[in-house]
Amino acid sequence: MLKILQNLDRRWIFLTMFVAVSVPLIMGTTFPETPSDQVLAVFDAVDNLPDGSNIVMALDYDPASAGELQPMASAFTRHCALKKHNIYFMTLWPQGINMIQGSIDILNDEYPETYKGKYGTKYVNLGFRAGNEGVIKLVVEDLKKSYTTDIHGTNLDNIPLTKNLKNIQQVDLLANVSAGYPGSQEWVLYGSSPFDIPTVVGCTGVQAPIMLPYIPDQLTGILAAIKGAAEYEQAIINHYPDLAENPKAKEGLIRMGPQLVAHVLLISLIVLGNVIYFMERRQGTA
Amino acid sequence: MKQSTIIWTLLMVFGGLGLISVQLFRGKGEVYVREVPVEAKSSSKTSPEQTYRWSTYQEVSAKEKDDPGISFSFSRTLGLWVAAFCTLAIFSFLYGDNPLYKFTEAVFVGVSAAYAMVVGFWTEIVTNLYAKLLPELARMSFFPDMESDVHSDLLYLIPLVLSVLLLWRLAPKGNWIARWPLAFFIGATAGIRLISYLETDFIGQLQSTVMPFIVFSADGSMLWFKSLKNTVVIVGVTSCMVYFFFSVEHEGIVKYISRLGIWFLMVTFGASFAYTVMGRIALLSGRLDFLFNEWLGI
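Protein chains in written order, with the numbering used here: chain A, 122 to 407; chain B, 2 to 299.
#1: Of all Cβ atoms in chain A, is any one closer than 8 Å to the Cβ of B/F143?
#2: Can you tell me the Cα-Cα spacing of A/Q191 and B/L134, whole angstroms?
#3: Answer yes or no: does any C-beta atom of chain A fall closer than 8 Å to that of B/F203?
#4: How should B/Y198 be labelled, buried or exposed, when 16 other C-beta atoms within 10 angstroms of its C-beta is the threshold for buried?
#5: Pick out whichever of B/L18, B/P173, B/F15 and B/K29 has its Cα sitting closest to the Cα of B/L297.
#6: Residues of chain A with CB under 9 Å from B/Y316, in chain order?
#7: Around the C-beta of A/W133, are 16 or more other C-beta atoms found within 10 angstroms, so that it is buried, or is it exposed?
#8: Throw me the rounded Cβ distance for the B/G287 and A/E189 pair, which I believe falls under 8 Å.
#9: Would you call A/M193 buried or exposed, if buried means 16 or more other Cβ atoms sit within 10 Å of its Cβ?
#10: Checking contacts by CB at 8 Å: is B/S248 closer than that to chain A?
#11: Determine whether the beta carbon atoms of A/V177 and A/L295 lie at a separation below 8 Å.
#12: For a contact defined as C-beta to C-beta under 7 Å, what are the partners of A/Y311 on chain B?
#13: If you measure from the beta carbon of A/S314 to each beta carbon in chain B, is any gap under 8 Å?
#14: Could you tell me how far apart the beta carbons of B/T57 and B/V32 are, in whole angstroms, since I believe they sit closer than 8 Å?
#15: Determine the direct distance from the alpha carbon of A/Y302 to that of B/V112, and round the result to whole angstroms.
#16: Would you report the Cα separation of B/V151 and A/V321, rounded to the nearest angstrom?
#17: Anything in the segment 215 to 231 of chain A with a Cβ closer than 9 Å to a Cβ of chain B? List those residues in chain order, please.
#18: Which residues share a DSSP beta bridge with A/I176?
#19: By the three-class DSSP mapping on this structure, what secondary structure does B/F73 have?
#20: Quick one, which of A/I391, A/K284 and A/V260 has its alpha-carbon nearest A/A179's?
#21: Which same chain residues, not among the five before or five after B/F293, have their C-beta less than 7 Å away from its C-beta?
#22: Compare the beta carbon distance of A/S314 and B/G205 with 8 Å and say whether it is the shorter of the two.
#23: Do you know whose CA, among A/N175, A/Q339 and A/V327, lies nearest A/N288's CA?
#24: Taking the alpha-carbon of A/Y98 as reference, which of B/T201, B/K227, B/S218 and B/M212 has the nearest alpha-carbon?
#25: Leaving out five residues before and five after A/L374 in sequence, what residues of the same chain have Cβ atoms less than 7 Å from its Cβ?
#26: Assuming B/N231 and B/V216 make a contact with CB atoms under 8 Å, what is their CB distance in whole Å?
#27: Are three or more beta carbon pairs between the segment 252 to 262 of chain B and the segment 380 to 394 of chain A nearer than 8 Å?
#28: Could you name the residues of the segment 316 to 327 of chain A whose beta carbon sits closer than 7 Å to any beta carbon of chain B, in the order they occur along the chain?
#29: Are the beta-carbon atoms of B/L289 and A/V142 separated by less than 8 Å?
#30: Whose Cβ in chain A lies nearer than 9 Å to the Cβ of B/F293?
#31: Ignoring anything shorter than 3 residues or poking outside the segment 285 to 337 of chain A, list the beta strand (DSSP E) runs there in chain order.
#32: Could you compute how far the alpha carbon of B/V61 sits from the alpha carbon of B/S273?
#33: Could you name the residues of chain A that B/G40 contacts, counting a contact when the two beta carbons are closer than 9 Å?
#34: Do B/A283 and A/Q380 count as a contact pair if the criterion is CB distance below 8 Å?
#35: What first and last residue would you give for the alpha helix (DSSP H) that runs through B/T105?
#36: Does chain A have any CB closer than 8 Å to the CB of B/R35?
Encoded structure:
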């Protein structure tokens, strides 16, 4: 047995992981989630604002991270739509434009009474700007120095939502979904911390340990990885039960089923690896 | 039987099951759209009002394919199959390096670079440079919505000159000129970052760490959990800093504090690793969700 395990082809592990993730995904296995304090802080930050507040949604990610971050961006969008907030979309990633379009589709398809045909009055797409943190520094002080037009080339002075917006210090909340640089950390460094802009972020698991120290003084709340997304979805469903009927609003919750099985598999493999190591050591082969 | 043969056999079985499911759940692997007519009116001081009509296409589920106004979208179906092919080609690297993986990787890198370049050109060079320097020409060519009273902002000549100097690097002679704009960018970036890091990561984090060991509520009772949390933060930060303090030999009490710091660091690395694993599994489930749900319709 030990010999088989010692010479086990690593592709068996890949195959086992494939099965561990696939089966719960196909079965649609979900588990109940209890929103943590950090997630509730994010929920409250959006929900406690009066209806129709102004929110900047900076979606700084690309399709490569969509598997982890799309549920967060969709949940932010739905929550803002339920509160009828005015949304300013922007991105610091070139491929983020498509991610913004995904959120705009949610607004138009699921909340047509509030958002359909209301471009410029209920939401605006500022699109992409190159310049990383340079763009953040500009938009927090003078939006129109960086963005003179929206994504369609319309002058910001001709759009009702942006006409009187001098900078994003004037908005009620900044919600950022980020996959790396430039992203959440840059928004905290150049936006929320120096200018006290209320900010919530959703980030990848890799970024989460970097972002956690900013809570609660420099960051209002954080959705850390897919677990954070699932808890946020649960928090929204708890407060707005009608959303439970929408399967698209449970993307994060559905992805937590495979997480559980895959984590159990990983823990088992770590234990097995250690058992093999100690057995080898006992036999004097390690 | 060799292990590689078994793995290949299993992969073929999974592939076969996938194709059977496509046959069983006909209509999946196909994309249907609904035509949404759009109408917009435009007018300016110099021309009468004009009405523009065009159509956008909204994706609908395969269940609605027989409804009126729903049509099969060849381009979107092709896109779906290309996406599925690319996903499987990238996954094939798990079995071993192969030409299919290399081809898909090259396509991904090329498409990403080209996309970023095109977006950068239209959002920066055209919108932020050309339109600022030559607004009248920009209004006639790309931005009819632009106000006619906008004047050239000559300040934008500076980034234009810097950009040209930067591109000089490609010239056969005098490529040292590119060092000047590069020096400007490095200096400016370092300055901007230094201030922000000092303010947020140094002063801000120091302020956040100054907290009471024991926390009392308004009625005078002790908040145990909050007190424990604060204590862990303070002890953790202090012991980790002692571990990285090399001006004093790590002996006696310092040795024990620095060892505690190592424990805190290990826990932090473990948490980071676990978060990374969670992220990677989420990405895997995202792709598999696409394959099973959108493509195969299982």
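C-beta atoms are modelled at their ideal positions from N, C-alpha and C, and glycine is treated no differently.
To lay it out plainly:
#1: By one-based count along the second sequence, residue 143 of chain B stands at place 142. Answer yes: the Cβ-Cβ gap between B/F143 and chain A drops below 8 Å somewhere.
#2: Position 70 of the first sequence, counted from the start, is the residue given in the question as residue 191 of chain A. Position 133 of the second sequence, counted from the start, is the residue given in the question as residue 134 of chain B. Their backbone Cα atoms lie some 38 Å apart in a straight line.
#3: As a working note, residue 203 of chain B is residue 202 in the second sequence. Chain A, which has no Cβ nearer than 8 Å to the Cβ of B/F203, makes this no.
#4: Counting from one through the second sequence, the residue named residue 198 of chain B turns up at place 197. B/Y198 is exposed by the Cβ-count criterion.
#5: Position 296 of the second sequence, counted from the first residue, corresponds to residue 297 of chain B. Closest by alpha carbon: B/K29.
#6: Past the boundaries of the shown model lies residue 316 of chain B; chain B is included only from 2 to 299, so the question cannot be answered.
#7: Translated into positions along the first sequence, residue 133 of chain A becomes position 12. By the 10 Å Cβ count, A/W133 comes out exposed.
#8: In the second sequence, the residue the question calls residue 287 of chain B occupies position 286. In the first sequence, the residue the question calls residue 189 of chain A occupies position 68. At roughly 7 Å, the Cβ-Cβ gap stays under 8 Å, so B/G287 and A/E189 are in contact.
#9: Reading the first sequence from its first residue, position 72 is the one you call residue 193 of chain A. A/M193 comes out buried.
#10: As a working mapping, residue 248 of chain B is identified with position 247 in the second sequence. No, because no Cβ of chain A sits closer than 8 Å to the Cβ of B/S248.
#11: As a working mapping, residue 177 of chain A is identified with position 56 in the first sequence. As a working mapping, residue 295 of chain A is identified with position 174 in the first sequence. A contact, by the Cβ cut-off of 8 Å.
#12: Here residue 311 of chain A corresponds to residue number 190 of the first sequence, with the count starting at 1. Those are S197, listed as they occur along chain B.
#13: Sequence index remark: in the first sequence, residue 314 of chain A carries index 193 (1-based). With 8 Å as the cut-off, A/S314 counts as an interface residue toward chain B.
#14: Residue mapping note: residue 57 of chain B aligns to position 56 of the second sequence, counting from 1. Residue mapping note: residue 32 of chain B aligns to position 31 of the second sequence, counting from 1. That pair is no contact at about 15 Å.
#15: Here residue 112 of chain B corresponds to residue number 111 of the second sequence, with the count starting at 1. Here residue 302 of chain A corresponds to residue number 181 of the first sequence, with the count starting at 1. Roughly 20 Å between the two C-alpha positions.
#16: If you number the second sequence from 1, residue 151 of chain B lands on position 150. If you number the first sequence from 1, residue 321 of chain A lands on position 200. Cα to Cα, the separation comes out at about 37 Å.
#17: P215, Q216, I218, D226, N229 and D230
#18: Working through the first sequence from its first residue, we reach residue 176 of chain A at position 55. Answer is A/I208 and A/L294.
#19: As a first step, residue 73 of chain B must be located in the second sequence, where it is residue number 72. Residue state, collapsed to three classes: strand.
#20: Taking the first sequence and counting its residues from 1, one reaches residue 179 of chain A at position 58. The shortest C-alpha separation from A/A179 is found at A/V260.
#21: Here residue 293 of chain B corresponds to residue number 292 of the second sequence, with the count starting at 1. The answer, listed in chain order, is I299.
#22: Within the first sequence, the letter at position 193 stands for residue 314 of chain A. Within the second sequence, the letter at position 204 stands for residue 205 of chain B. The answer is yes: Cβ separation under 8 Å.
#23: Counted from its first residue, the first sequence places residue 288 of chain A at position 167. If we check each option's Cα against that of A/N288, A/N175 comes out closest.
#24: Residue coverage of chain A in this structure runs from 122 to 407, which leaves residue 98 of chain A outside it and unanswerable.
#25: Position 253 of the first sequence, counted from the first residue, corresponds to residue 374 of chain A. T151, E154, A351, E354 and Q355, listed in sequence order.
#26: Sequence index remark: in the second sequence, residue 231 of chain B carries index 230 (1-based). Sequence index remark: in the second sequence, residue 216 of chain B carries index 215 (1-based). Indeed, because the Cβ distance is near 6 Å, the residues count as touching under 8 Å.
#27: no
#28: T325, G326 and V327
#29: Within the second sequence, numbered from 1, the residue matching residue 289 of chain B stands at position 288. Within the first sequence, numbered from 1, the residue matching residue 142 of chain A stands at position 21. Yes, Cβ-Cβ distance for B/L289 and A/V142 is below 8 Å.
#30: Within the second sequence, the letter at position 292 stands for residue 293 of chain B. Going along chain A in sequence order, the residues near B/F293 (Cβ under 9 Å) are S143, L146 and I147.
#31: 294 to 299 and 320 to 324
#32: Sequence index remark: in the second sequence, residue 61 of chain B carries index 60 (1-based). Sequence index remark: in the second sequence, residue 273 of chain B carries index 272 (1-based). Those two C-alpha atoms are separated by around 40 Å.
#33: By one-based count along the second sequence, residue 40 of chain B stands at place 39. It should be noted that the sequence gives Glu, not Gly, for residue 40 of chain B. The premise fails here: B/E40 is roughly 10 Å from chain A at the closest Cβ pair, so nothing lies under 9 Å.
#34: On the first sequence, position 259 is the one that residue 380 of chain A refers to. On the second sequence, position 282 is the one that residue 283 of chain B refers to. Against a cut-off of 8 Å, the Cβ pair of B/A283 and A/Q380 comes out as a contact.
#35: Taking the first residue of the second sequence as 1, we reach residue 105 of chain B at position 104. B/T105 -> alpha helix (DSSP H) spans P100 to G121.
#36: Here residue 35 of chain B refers to the residue found at position 34 of the second sequence. No, no contact with chain A.
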